[in-house]
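Protein chains in written order, with our numbering: chain V, 41 to 363; chain Z, 683 to 805; chain R, 50 to 358.
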């Protein structure tokens, strides 16, 4: 799909102007002409990102009612609330490309648009709240920071706000884990078990090896994508190893070791069959996550309709009063 | 892994297959969506209102409340403006209006941020 | 290109992208509501009565916050999800201050945990008391129901609590006064939020009106308990430390009348939900819902009485 296909009647000058803007590392804004393939690539990417934020509320949100201290309850609720906000910012960015939030939500609950597979794994203990903050949000930050410079203005601006707000997400996760590590033996075991469970799925967040992702060249050229999957994964591993040491946990990978020659850590291969299974909808929680989102959307329909009807009534009453 | 090769790591929380994913719906539900509003916040006294983002609301009053909830969760503002996105008049940055740009389907069906009403001449 | 060896690098300092940060209205730090407040208990006040009074107000906020938190990821739209979470967070903040005040006033109200437990007093109170020791009104503990139930309950709750805290701002206990001052701003917004949604649902569609009327019938009998005077409330009110709910009855009535009239909704006729030999939530006698709510809320904390979070 990633070919620069411009409709035949496209004005060459427009394309040249578009490419010159990208070439200057300048931003494309909603009112600018853009190739249709660029627009579609962006809609797909921004939509899945928005969906990931919204579906991502569920695995952590499930622990709000069970948070073990009032401080943690407040932190977790604020964090999951931020995710709703981030989804909202991103849906708004997508709307500048001519798709509505309603439409995207329907595509999500019909299973036609996807979200990150990481959220199809279950959260089984309170330590998972910390691990998600540390590893999952950590991986997301690696993915997201470069997006602040993405070529599409509204997406980049949404990302700046998101990254700014997310700076507390990873910290709260790491802080929770390090507090638990100073607690009881049971708590330490809980942290290690959680890290063992999430380490491989976190590595999978960066996508299949570059050799298996034939071409993201177009996305890179457009400045929609800025780093390869393997680059980002390596960066994440190198960043996480000293953090794990400081925490006092290990990663479940016997091949993980420092390679002085490369100046990076070597590490084992994630189970890509499992990854593809989850991507194809057979992960532990795929069905549950979509059902939850669908229920919220459908249960809310009468409320949204009521507000629309009320606004209409107010408008017509006001019009009569002025008439 | 062929057929699902477009798994980009960037774009948030991880690799998601994007190849062949629809970007619009042929038909969608009859529910009328709340209109889109643009939100402007004055961060502190003495500063301009700045555009911080958008949201949906059924009417102006709800839009102000939503703006407070969504965009001032961290003490961001002392004053909020909201304006319906379709009430914003904008200049066209390019020579050619995107409403007429090449695209087979409904690309600019919902021109949002800075849409130009049909009767505004190009500047 | 930004260096990503540390996840935070580049988050805040890409000036070429973000420019002057004042341009973004990013927000500021929050203030401690108790900064500079004298925390000694006024010496003519019975510490046990003050502690119990703080538990009443604190438990109301805690349990209501918990119920509102259950909406997270389930609200009718993203904007409402965020709004309900804001309300839950405001009330949780009030609860923490009030439970801490209860513990400071009379440490004997705090459940005793095993030797060496690092659990702070506010958490011992929230997570290690049984339902019979909770002093909240029953209004806040019943399950959420649909959005109309949540709106109707929040309207009743916020209207009464706003009236109470407005008066409590003049409390002789400087801590209660500071908590109330902060709470008044928050509750003003909660009441406004609920009131507007009440009106919207009442005048929206046939379905929304039907649901709202049913919800109001359900929650109405639960609210008089918030306006009944418990002996502890009478005692602290007499000392100028607390507020006797009877004082705010007329004001609450007037506010509710205004909302009901604007919404063309008749005041429900059902009277107050009975207690058991006069005992209600304020005395520690609850509906069946509270023990289930607490079973969920307390499960992790209770598994780890020596745990640190």
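Just so you know, even glycine gets a beta-carbon here, dropped at the ideal spot from N, CA and C.
Given the structure is predicted, the values throughout are model-derived calculations rather than measurements.
Fully enclosed by the region 172–198 of chain V, which alpha helix (DSSP H) runs are 4 residues long or longer? List check, alpha helix (DSSP H) in window: 177–184.
(Q) Any contact between the region 72–80 of chain V and the region 121–135 of chain V? By contact I mean 3 or more CB pairs, one from each, below 8 Å. (A) Contact between the region 72–80 of chain V and the region 121–135 of chain V is absent, with fewer than three C-beta pairs closer than 8 Å.
So who's on the other strand from residue 722/Z, going by DSSP bridges? In the second chain, counting from the first residue as 1, residue 722/Z sits at position 40. Residue 722/Z pairs with 733/Z and 763/Z.
Q: Could you tell me whether the region 102–114 of chain V touches the region 348–358 of chain R, where touching means 3 or more Cβ pairs closer than 8 Å?
A: Three or more beta-carbon pairs drawn from the region 102–114 of chain V and the region 348–358 of chain R are found closer than 8 Å, and the two stretches are therefore classed as touching.
Review point. Looking at the C-beta of residue 97/V, does it have a partner C-beta in chain Z at a distance below 8 Å?
Key: To locate residue 97/V, count along the first chain from 1; it is residue 57. In terms of beta-carbon proximity, residue 97/V stays away from the interface with chain Z, with every pair separated by 8 Å or more.
Counting C-beta neighbours from all protein chains within 10 Å, is the total for residue 306/R 16 or more, i.e. buried, or is it exposed?
Here residue 306/R refers to the residue found at position 257 of the third chain. Residue 306/R counts as exposed, since fewer than 16 other C-beta atoms from the protein chains shown sit within 10 angstroms of its C-beta.
- Message: Using the three-state DSSP reduction, which class does residue 299/V fall into: helix, strand or coil?
- Response: Translated into the one-based positions of the first chain, residue 299/V becomes position 259. Three-state DSSP puts residue 299/V in a strand.
Problem - Cα-Cα separation between residue 275/V and residue 283/V, rounded to whole angstroms - result: Taking the first residue of the first chain as 1, we reach residue 275/V at position 235. Taking the first residue of the first chain as 1, we reach residue 283/V at position 243. Looking at the backbone, the Cα of residue 275/V and that of residue 283/V are separated by about 13 Å.
State yes or no: is the C-beta of residue 103/V within less than 8 Å of the C-beta of residue 163/V?
The residue you call residue 103/V lines up with position 63 of the first chain. The residue you call residue 163/V lines up with position 123 of the first chain. Yes, the Cβ-Cβ distance between residue 103/V and residue 163/V is below 8 Å.
task = Anything in chain V within Cβ reach of residue 257/R, meaning under 9 Å, just list it in chain order.
result = Here residue 257/R is taken as the residue at index 208 of the third chain, counted from 1. Within chain V, the residues placing a beta-carbon under 9 Å from that of residue 257/R are 342, 343, 345, 346, 347, 349 and 350, ordered along the chain.
Check your understanding: Buried or exposed: which applies to residue 132/R, given that a residue is buried once 16 or more other Cβ atoms fall within 10 Å of its Cβ?
Key -> The count along the third chain starts at 1 and reaches residue 132/R at position 83. Residue 132/R is classed as buried because its beta carbon has at least 16 other beta carbons within 10 Å across all chains shown.
Requested in this report: Could you list which residues in chain R have their beta carbon closer than 7 Å to that of residue 746/Z, in chain order?
Outcome: By 1-based counting over the second chain, the position of residue 746/Z is 64. Within 7 Å Cβ-Cβ: nothing; residue 746/Z doesn't reach chain R, min ~11 Å.
Next on the checklist: Rounding to the nearest angstrom, what Cα-Cα distance links residue 233/V and residue 173/V in this structure?
Outcome noted: To locate residue 233/V, count along the first chain from 1; it is residue 193. To locate residue 173/V, count along the first chain from 1; it is residue 133. Straight through space, the alpha carbons of residue 173/V and residue 233/V are spaced by roughly 15 Å.
### Query
Closest to residue 232/R by CA distance: which of 208/R, 117/R, 278/R and 330/R is it?
Position 183 of the third chain holds residue 232/R. Nearest option by C-alpha distance: 208/R.
inquiry  = Does the region 271–280 of chain R come into contact with the region 183–196 of chain R, if we say contact requires no fewer than three beta-carbon pairs (one atom in each stretch) closer than 8 Å?
reply    = Yes, the region 271–280 of chain R is in contact with the region 183–196 of chain R.
Let me know if residue 183/V comes out buried or exposed under the rule of 16 or more other beta-carbons within 10 Å of its beta-carbon. For the purposes of this step, residue 183/V is taken as residue 143 along the first chain, with counting starting at 1. Only buried fits residue 183/V, as 16 or more other CB atoms lie within 10 angstroms of its CB.
If the cut-off is 7 Å on Cβ atoms, which residues from the region 114–135 of chain V count as contacting chain R, listed in chain order?
Those would be 114, 117, 118, 120, 121, 124, 125, 127 and 128, in chain order.
*Quick one: what does DSSP say residue 704/Z is sitting in, helix, strand or coil?*
Taking the second chain and counting its residues from 1, the one referred to as residue 704/Z is at position 22. Annotated three-state conformation of residue 704/Z is coil, per DSSP.
Tell me the residue span of the alpha helix (DSSP H) that contains residue 306/V. Working through the first chain from its first residue, we reach residue 306/V at position 266. Looking at the DSSP string, residue 306/V is not in any alpha helix (DSSP H); the run it does join, the beta strand (DSSP E), is 304–306.
Find the residues of chain V that neighbour residue 695/Z, judging by a C-beta separation of less than 8 Å, and give them in chain order.
-> The residue labelled residue 695/Z in the question sits at position 13 within the second chain. Chain V residues near residue 695/Z: 89, 92, 93, 96, 155, 156, 158, 159, 176, 179, 180, 183 and 245.
Item checked: Limits of the unbroken alpha helix (DSSP H) element including residue 196/R -> Within the third chain, numbered from 1, the residue matching residue 196/R stands at position 147. Annotation: the continuous alpha helix (DSSP H) that includes residue 196/R extends over 196–217.
Checklist entry - Is residue 328/R helix, strand or coil by DSSP? => result Position 279 of the third chain, counted from the start, is the residue given in the question as residue 328/R. Reduced to three states, the DSSP call for residue 328/R is strand.
Margin query: Please classify residue 716/Z as buried or exposed, where buried requires at least 16 other C-beta atoms within 10 Å of its C-beta.
Written below: Numbered from its first residue, the second chain carries residue 716/Z at position 34. It counts as buried.
* By a C-beta neighbour count over all protein chains shown, 10 Å radius and 16 as the cutoff for buried, is residue 741/Z buried or exposed? -> Taking the second chain and counting its residues from 1, one reaches residue 741/Z at position 59. Residue 741/Z comes out buried.
(request) Please compile the residues from chain Z whose C-beta is within a distance smaller than 9 Å of the C-beta of residue 228/R. (result) Counting from one through the third chain, the residue named residue 228/R turns up at place 179. By Cβ distance, chain Z contributes nothing, its closest Cβ being about 19 Å from residue 228/R, past 9 Å.
For residue 311/R and residue 302/R, what's the separation of their Cα atoms in angstroms?
Residue 311/R sits at position 262 when you count from the first residue of the third chain. Residue 302/R sits at position 253 when you count from the first residue of the third chain. Going by C-alpha positions, residue 311/R is about 14 Å away from residue 302/R.
Can you list, in chain order, the residues of the region 128–148 of chain R whose Cβ is nearer than 8 Å to any Cβ on chain Z? Cβ contacts with chain Z: 128, 131, 132 and 135.
**Item:** Alpha-carbon to alpha-carbon, residue 306/V and residue 752/Z
**Value:** Within the second chain, residue 752/Z is the residue found at index 70, counting from 1. Within the first chain, residue 306/V is the residue found at index 266, counting from 1. It is roughly 43 Å from the alpha-carbon of residue 752/Z to the alpha-carbon of residue 306/V.
- What are the boundary residues of the alpha helix (DSSP H) that includes residue 357/R? To locate residue 357/R, count along the third chain from 1; it is residue 308. Run containing residue 357/R: none; DSSP gives neither H nor E here.
Requested in this report: Would you give the residue range spanned by the alpha helix (DSSP H) that residue 116/V belongs to?
Outcome: Taking the first chain and counting its residues from 1, one reaches residue 116/V at position 76. In this chain, the alpha helix (DSSP H) harbouring residue 116/V covers 110–135.
Between the region 242–254 of chain R and chain Z, which residues of the former have a C-beta closer than 8 Å to a C-beta of the latter? Residues 242, 245 and 249.
Checklist entry - According to the neighbour-count rule (16 or more other Cβ atoms, all chains shown, within 10 Å of its Cβ), is residue 113/V buried or exposed? => result Mapped onto the first chain, residue 113/V falls at position 73. Per the 10 Å Cβ criterion, buried.
Q: Note down, in chain order, each residue of its chain lying with its Cβ closer than 6 Å to the Cβ of residue 115/V, except the 5 sequence neighbours on either side.
A: Sequence index remark: in the first chain, residue 115/V carries index 75 (1-based). Once the five neighbours on either side are set aside, the close Cβ partners of residue 115/V are 212.
**Message:** Taking CB distances under 8 Å as the criterion, tell me whether residue 718/Z reaches chain R.
**Reply:** Taking the first residue of the second chain as 1, we reach residue 718/Z at position 36. The beta carbon of residue 718/Z does not come within 8 Å of any beta carbon belonging to chain R, so the residue lies off that interface.
| query | Using a C-beta to C-beta distance shorter than 8 Å, which residues of chain Z count as neighbours of residue 126/R? | reply | Translated into positions along the third chain, residue 126/R becomes position 77. Here the neighbours are 716 and 738.
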